[in-house]
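Chemist: Structure provided below as structure tokens; questions to follow.
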Amino acid sequence: MSTQENKNGKAAINISEIRLAQSNSYNKLIANNAAWVERKLAEDGEFFKNLAKGQSPEVLWIGCSDSRVPANEVTGTKPGEVFVHRNIANVCVHSDMNMLSVLDYAVNVLKVKHVIVAGHYGCGGVAAAMSHKQFGLIDNWLRHIKDVYRLHANELDRITDETTRVNRLVELNVTEQVYNLCKTTIIQNAWKERHDLEVHGWVIDLASGLVKDLKVTSSSPDNLGYVYDLNVEAVAAH
3 MSTQENKNGK AAINISEIRL AQSNSYNKLI ANNAAWVERK LAEDGEFFKN LAKGQSPEVL
63 WIGCSDSRVP ANEVTGTKPG EVFVHRNIAN VCVHSDMNML SVLDYAVNVL KVKHVIVAGH
123 YGCGGVAAAM SHKQFGLIDN WLRHIKDVYR LHANELDRIT DETTRVNRLV ELNVTEQVYN
183 LCKTTIIQNA WKERHDLEVH GWVIDLASGL VKDLKVTSSS PDNLGYVYDL NVEAVAAH
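Note that this note's numbering has the sequence shown beginning at 3, numbered continuously upward.
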């Protein structure tokens, strides 16, 4: 039988229907890829040949994993123009080797000129961090956002509307992640060597599709305070 029964003997799950739907959604991806390739070749017969030669993006995008905020779609850019790293709630943690490896490669090998931390209003990760619920393994990740909440609790707790409060934490979280990036040796060493690297903070409004620049762009360690100013020369000498 294609239908499983529950403990009461009643039909609960139609396995055939589930597998058919699963197969259709998967096959749709393959078909969409073929259609995409056809469109690209119609526009430019050399597109993929040129794409295979290498990449030289000027932007590193550190965004949320939310499926509604793909970097290329949001920015209207082509493959090869944006180097991308995404995680839950666009968090930049100094112990995250995944993020740091992407940052190091983008800054020191690809020589990107812009690093953009891109959050979005209505972020589920930020909303979860503001709650007192347990969600499992992800609680360890959400704690980094809770730390941002703690830093700005006086402001946030005065906001009575929950949606407005979550969206404000979205903005504050992006700002803190920009500062976290600027505190890394990767960014600070790059600033010592060149003057064409900027770190930006954006928030995407899903309701309009528009990007909000939070005006927290940094191009030097001047705004970090002396505690985070790293003596690059001393490390090199050692």
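Beta carbons: idealized from backbone N, C-alpha and C, even for Gly. In this text the structure is predicted, and so the values were computed from the model without any measurement.
Spell out the partners DSSP gives Gly220 in its beta bridges.
Modeler: A quick correction: the sequence has Ser, not Gly, at residue 220. Val201, per the DSSP bridge assignment.
Chemist: Comparing C-alpha positions only, which one of Pro72, Pro81, Gly121 and Arg70 sits nearest to Phe50?
Modeler: Pro81
Chemist: So, using beta-carbon positions, are Gly124 and Cys66 closer together than 8 Å?
Modeler: no
Chemist: Can you check the region 29-96 for any beta strand (DSSP E) of at least 3 residues that lies completely inside it and give the ranges in chain order?
Modeler: 61-66 and 84-89
Chemist: Please classify His1: is it buried, with 16 or more other beta-carbons within 10 angstroms of its beta-carbon, or exposed?
Modeler: Outside the shown range of the chain (3 to 240) lies residue 1, about which nothing can therefore be said.
Chemist: When you compare only the Cα positions, how much space is there between His146 and Gln179?
Modeler: Their Cα atoms are separated by approximately 10 Å.
Chemist: Residues in its own chain within less than 6 Å of Ala131 by CB, not counting five upstream and five downstream?
Modeler: Leu144, Ile147 and Lys148
Chemist: Using the DSSP secondary-structure output, state which residues sit across from His116 in a beta bridge.
Modeler: Val61 and Glu200
Chemist: Is it the case that the Cβ atoms of Leu171 and Val128 are separated by a distance below 8 Å?
Modeler: yes
Chemist: Would DSSP call Arg21 helix, strand or coil?
Modeler: helix
Chemist: One question on the structure: do Leu216 and Val176 come within less than 8 Å of each other, judged by their Cβ atoms?
Modeler: A distance below 8 Å separates the beta carbons of Leu216 and Val176.
Chemist: Under 8 Å by Cβ, that's how I've got Ile118 and His87 pegged, so tell me the actual separation to the nearest angstrom.
Modeler: With 8 Å as the limit, Ile118 and His87 do not qualify as a contact, their Cβ atoms being about 11 Å apart.
Chemist: Using only alpha-carbon positions, find the residue among Ser18, Asn35 and Pro223 that is nearest to Arg196.
Modeler: Pro223
Chemist: Evaluate Tyr151 with the Cβ neighbour count: other Cβ atoms within 10 Å of its Cβ, from every protein chain shown; 16 or more gives buried, anything less gives exposed.
Modeler: Tyr151 is buried by the Cβ-count criterion.
Chemist: Would you decide whether Arg167 is buried or exposed? Buried here means 16 or more other CB atoms lie within 10 Å of its CB.
Modeler: buried
Chemist: Have a look at the DSSP bridge pairing and note the partners of Val128.
Modeler: Answer is none; Val128 lacks a bridge partner.
Chemist: In terms of residues, what are the limits of the alpha helix (DSSP H) holding Asp106?
Modeler: Here the alpha helix (DSSP H) through Asp106 covers Met99 to Asn110.
Chemist: By Cβ distance below 7 Å, which residues in the same chain neighbour Ile161 in space, the five residues on each side in sequence not counted?
Modeler: Arg167 and Arg170
Chemist: Here's a check: name, in chain order, each residue in its chain whose Cβ is nearer than 7 Å to the Cβ of Lys214, leaving out the five neighbours to either side.
Modeler: Trp204, Val205 and Asp207, listed in sequence order.
Chemist: List the DSSP bridge partners of Asp215.
Modeler: Trp204
Chemist: I need the DSSP call for His154, collapsed to helix, strand or coil.
Modeler: coil
Chemist: DSSP on His146, reduced to helix/strand/coil?
Modeler: helix
Chemist: If we ignore side chains and look at the alpha-carbon of each, how far apart do Asn142 and Met101 end up?
Modeler: 16 Å
Chemist: What is the rounded straight-line gap between the Cα of Glu83 and the Cα of Thr77?
Modeler: 10 Å
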